[in-house]
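Just so it is clear: in the sequence shown, position 161 is 162 by the numbering used here, and no numbers are missing.
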Amino acid sequence: MNKKKSLMHSSTARIAFCGVFAALTIVLLYFGGLTVLDLSLLVLCSVVTVVVTIETGYRYGVIYAAATSVLALVLLPSKLYAVEYLLFSAAYPLLRPLIERIPIKALAFCSKIATLDVMLLACILLGQFVLNAGDEFFVLGWLTMAGGTAFFVLYDIALSKAITFYLVKLRKIIGINKIL
């Protein structure tokens, strides 16, 4: 009985943890959609997705990403920004560790960039044809794809550094793993 109660508490704590960070993410996205910090806050939300996944497990990370994506699509004024969150800050941090399991590092890196480029293409096509975004960024062309690819290389490197910093330094200071 004691073991069962402990597992339920752990599961409850994980769900509460995901809920708190989901609320934080939606607030960050709301302000990001209203300011020039939109890309910066998308990157920060990616780190939040990674932290939630590390601390609660992959299954809870997927549930968190699905819940925040639905909330973003429903609550955010800019549906295009919600799609960007869904693709780059919710889905990619969950796909990234799966891609990194590829034993050949160069192939894994190329797969990550190809995944991000497919997401960028989907975002551009949705922006142009579904959401009618008038922004010149959403014109499909080699310049947009090249700029996006360069940004994604930097994004992936920054995400790796943020994950390392969290695991090596910040996780011990915060002590979240003691709660869950």
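From the three backbone atoms N, C-alpha and C, an ideal C-beta is built for every residue, glycine too.
This one's a predicted model, so the numbers in the text were calculated from it and none came from an experiment.
When Cβ pairs closer than 8 Å are counted between the two stretches, the stretch 78 to 89 is seen not to touch the stretch 11 to 24, the count staying below three.
Per the coordinates, the alpha-carbon of Asp157 lies some 10 Å from the alpha-carbon of Ser47.
The criterion of a C-beta distance shorter than 8 Å is satisfied by Thr54 and Gly62. Thr116 sits away from Tyr86, with the two beta carbons spaced by 8 Å or more. In this structure the stretch 25 to 34 does not lie against the stretch 142 to 149, because fewer than three pairs of beta carbons, one per stretch, are closer than 8 Å.
DSSP, reduced to helix, strand and coil, places Glu56 within a helical segment of the structure shown.
Within 10 angstroms of the beta-carbon of Phe18 lie 16 or more other beta-carbons, which makes it buried. In this structure, the beta-carbon distance from Thr50 to Ser90 falls below 8 Å. The same chain holds no residue with a CB closer than 6 Å to that of Ser161 once the five nearest residues on each side in sequence are set aside.
Distance from the CA atom of Leu122 to the CA atom of Val154, rounded to whole angstroms, is 16 Å.
In the structure shown, the three-state DSSP call for Leu122 is helix.
Leu42 and Ile103 have their alpha carbons spaced roughly 29 Å apart.
For the pair Glu101 and Ile177, the CB atoms are not nearer than the 8 Å cut-off.
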